[in-house]
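Notes follow the structure.
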Amino acid sequence: MNIFPSLAALTLCGLMSAPLLANEQTPELTGCAAKRQAITTQIEQAKAHGNSDQQAGLERALNEVTTHCTDASLKKERENKVLDAKHEVSRRQADLEKAMKKGDSEKINKRKDKLAESRKELQQALDDLDK
1 MNIFPSLAAL
11 TLCGLMSAPL
21 LANEQTPELT
31 GCAAKRQAIT
41 TQIEQAKAHG
51 NSDQQAGLER
61 ALNEVTTHCT
71 DASLKKEREN
81 KVLDAKHEVS
91 RRQADLEKAM
101 KKGDSEKINK
111 RKDKLAESRK
121 ELQQALDDLD
131 K
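Residue 74 in the UniProt record's numbering is what sits at position 74 of the sequence shown, and the numbering runs on without skipping anything.
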């Protein structure tokens, strides 16, 4: 009985699952740490493409985040963005209702598009709360 094919298949499965296990063990960064990591990644991309102007700007941004960013201030900023987006959705909804009362189909369609855009921005702001 030859165990080599079974051993090779088992080894291959183990090697293929290792990256999956590594991803599970690394917690996703949030808050200022995630912001720093995103900027660092962009800096590496700028370096790789030889874009020194972009790299310099990103390094300044990284310095600002490192110096001034706190998770509490970032959370507050994101909460304010959600509130602003909710107000915008309410305003757009009122605009749509007004257009519907007038019966102007062109304005109704414009208002519907604007409302959909505002709802999308609200959803993005809500998603950003957890980052």
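Idealized CB from N, CA, C, for every residue including glycine.
Contact check, residue i vs residue j, beta carbons under 7 Å
| i | j | result |
| --- | --- | --- |
| Arg91 | Leu115 | no |
| Lys81 | Ala125 | yes |
| Leu96 | Arg111 | yes |
| Ala61 | Ile39 | yes |
| Ala46 | Leu58 | yes |
Inter-residue spacing [alpha-carbon to alpha-carbon] between residue i and residue j
| i | j | result |
| --- | --- | --- |
| Ala22 | Asp104 | Legend: pLDDT at Ala22 = 49, less than 50; position of this residue unreliable, value from coordinates given subsequently. Approximately 57 Å, taken between the alpha carbons. |
| Asn109 | Asp128 | 29 Å |
| Val89 | Glu106 | 20 Å |
| Thr41 | His87 | 34 Å |
| Leu83 | Lys131 | 17 Å |
| Gln37 | Arg78 | 18 Å |
| Val65 | Asp71 | 11 Å |
| Gly31 | Thr67 | 14 Å |
| Gly50 | Asp113 | 40 Å |
| Ile43 | Lys120 | 29 Å |
| Ser118 | Ala85 | 7 Å |
| Glu28 | Cys69 | 18 Å |
| Met100 | Ala94 | 10 Å |
Extent of the continuous alpha helix (DSSP H) to which residue i belongs
| i | result |
| --- | --- |
| Asn109 | Ser105 to Leu129 |
| Asn63 | Ser52 to His68 |
| Glu44 | Gly31 to Ala48 |
| Glu79 | Asp71 to Lys102 |
Outcome for residue i when other beta-carbon atoms lying within 10 angstroms are tallied against a minimum of 16
| i | result |
| --- | --- |
| Ser73 | exposed |
| Lys35 | buried |
| Ala33 | exposed |
Proximity test, residue i beta-carbon vs the ligand FAD heavy atom, cut-off 6 Å
| i | result |
| --- | --- |
| Asp130 | For the ligand FAD, the structure offers nothing, since it holds no ligand at all. |
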